[in-house]
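Numbering (the numbering used here), first residue to last: 523 to 1050.
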């Protein structure tokens, strides 16, 4: 029986141990095992496609239930910082040497269990403030060119002197702003006498591409040679004005029946008018075809076609006006024009309020005219390919003030931009300004190389100009145009381009506004 008792006791113990083990096993199966959850990461000061430059702070908000062991910051896959102690949320990327364009900022967060979570964002680096494409023939031998940038307080950001074909890239590791003033400088030396002109453009943004002004004469067309002329059947007491497509004009009469004139192309046409010797009014015209370099004979009996006449009446307030007319054989081709001459009222003291403009009607496919007018307070300058004589109104309200070395202004109207200028004995400084209210232009500090020149100081303007151009609607459009142009603002004055400029003189000394709402506004050019 003992034996049997021991056997039962042994079996009972085994069953008890088995039950305990089973219970323990079931208890472990019911326990909650912690699951890994990705760290929660947010860029708090950087957004997708954000523009950045120089030193770029990178800030995060990050959390993880298992704690944070480290945060690594990378740019384009290269580590710039790895933080292993709190705070983990701030780093700085020195982007001053990074190329302009798109870059990827990434952070890798490692939690207390060694799990990693990544997040990235792309940004656009804009370290370059300005790029300038300098033409191979930009400067003549007696000229020097400079470009400098200024901040909102007039402090110098960057500057350089340029030479022909020397493209410019201007940066500044310390300037953190988005907009600045851009000043172009052209210095000319005439036998030891320096003349300096400066043009300052307001509100230029980072990354702006630019072309500097080029004031060379674009009317200087090349000619292909000289046509020798023999006239037949000249009318007694008559003068024959002869025009070629090399912008040349000569005159012959019945006593001088041979001459010559340069041609822009060969063969080409000659435009000939006849007038009496005691009158400037043309009586007829002819267009002679197939004129070539070499010998040519013109039968003046053909100079009998009637001319068209346009009467130009001076607008109210104008005391003088002139119209310079060019003609073109082919529509939309403004090369090799015929310069038909200048028609005027005889000047501001003539008292003449209208004058006649003579031209050969449809004999030419297109005409382009330069109109200049003015009075006591206003002057007008425009170019038109649509009308030989017309006056374009530019509505505007402009006011200026000057105090504490700062020029303030407000300007509104249907213009592209306004300008004003200051001058000294040998220098002129033009400000080219956008529309806006309570705008400020500080006195700009000069780069060291310019301090030796006679540069005019800012003050209260005595005049201002407003400008309008076909195809350029506002100041931002103007900056875009200059960036893709061949020779900057001057390109808007090429033959065939419609433009209008109005100058208002004799501004009140205290800077009160001068308002233009006349039927015919008057304007003038900002001459380069």
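Note that the Cβ used here is the ideal one computed from N, Cα and C, for glycine as well.
So, with DSSP's three-state summary, where would you put residue i?
| i | result |
| --- | --- |
| residue 1003 | helix |
| residue 974 | coil |
| residue 1010 | helix |
| residue 562 | strand |
| residue 822 | helix |
| residue 817 | strand |
| residue 677 | coil |
| residue 672 | strand |
| residue 998 | helix |
| residue 654 | strand |
| residue 1038 | In this prediction, residue 1038 has a pLDDT of 37, which is less than 50 and means its spatial position is unreliable; what the coordinates show is noted afterwards. If DSSP states are grouped into helix, strand and coil, residue 1038 belongs with the strands. |
| residue 897 | coil |
| residue 545 | Low confidence applies here, because residue 545 scores a pLDDT of 41, under 50, leaving its location unreliable; read the following figure in that light. Helix. |
Just curious, the beta strand (DSSP E) that residue i is in, first and last residue?
| i | result |
| --- | --- |
| residue 726 | 715-727 |
| residue 921 | 918-925 |
| residue 732 | 730-732 |
| residue 905 | 900-906 |
| residue 955 | 949-955 |
| residue 940 | 939-945 |
| residue 519 | The shown model of the chain, from 523 to 1050, leaves out residue 519, and the question about it has no answer. |
| residue 691 | 690-693 |
| residue 987 | 986-991 |
| residue 572 | 572-574 |
| residue 932 | 928-935 |
| residue 1025 | 1021-1026 |
| residue 698 | Premise fails: residue 698 is in no beta strand (DSSP E) and is neither H nor E. |
Do residue i and residue j have their C-beta atoms within less than 8 Å of each other?
| i | j | result |
| --- | --- | --- |
| residue 669 | residue 631 | no |
| residue 781 | residue 772 | yes |
| residue 747 | residue 622 | no |
| residue 671 | residue 704 | yes |
| residue 467 | residue 916 | Absent from the model: residue 467. The displayed extent of the chain is 523 to 1050, so no value can be given. |
| residue 719 | residue 985 | no |
| residue 696 | residue 690 | no |
| residue 826 | residue 806 | yes |
| residue 1066 | residue 661 | With the chain covering only 523 through 1050, there is no way to say anything about residue 1066. |
| residue 1067 | residue 853 | In the structure displayed, the chain extends from 523 to 1050; residue 1067 sits before or after that span and is not available. |
| residue 629 | residue 563 | yes |
| residue 767 | residue 828 | no |
| residue 627 | residue 580 | yes |
| residue 574 | residue 614 | no |
Is the Cβ of residue i closer than 8 Å to any Cβ of chain B?
| i | result |
| --- | --- |
| residue 984 | Given the protein chain composition of this structure (a single chain), no chain B is represented. |
Any chance you could list the beta strand (DSSP E) runs of at least 3 consecutive residues sitting entirely within the stretch 830-890, in chain order?
830-835, 842-850, 860-866 and 876-881
Ranges of the beta strand (DSSP E) found wholly within the stretch 582-637, counting only runs of at least 3
590-597, 600-605, 612-616 and 623-633
Is the stretch 951-959 touching the stretch 1018-1027 in the sense that three or more CB pairs, one from each, lie closer than 8 Å?
no
For the structure I just gave you, are there three or more beta carbon pairs, one from the stretch 899-912 and one from the stretch 1004-1024, closer than 8 Å?
yes
Three or more C-beta pairs closer than 8 Å, one from the stretch 720-734 and one from the stretch 757-766: is that the case here?
no
Contained beta strand (DSSP E) runs [length at least 3] in the stretch 739-802, N- to C-terminal order:
747-754, 760-765, 771-775, 780-785 and 790-798
Check whether the stretch 596-612 touches the stretch 647-655, counting contact only when three or more Cβ pairs, one atom from each stretch, lie closer than 8 Å.
no
Any 3 or more C-beta pairs closer than 8 Å across the stretch 634-644 and the stretch 989-1002:
no
Check whether the stretch 922-936 and the stretch 882-896 are in contact - that is, three or more C-beta pairs closer than 8 Å.
no
Touching or not, the stretch 713-727 and the stretch 972-980, by the rule of three or more beta carbon pairs under 8 Å?
yes
Are at least three pairs of beta-carbons, each pair with one atom in the stretch 841-861 and one in the stretch 873-892, less than 8 Å apart?
yes
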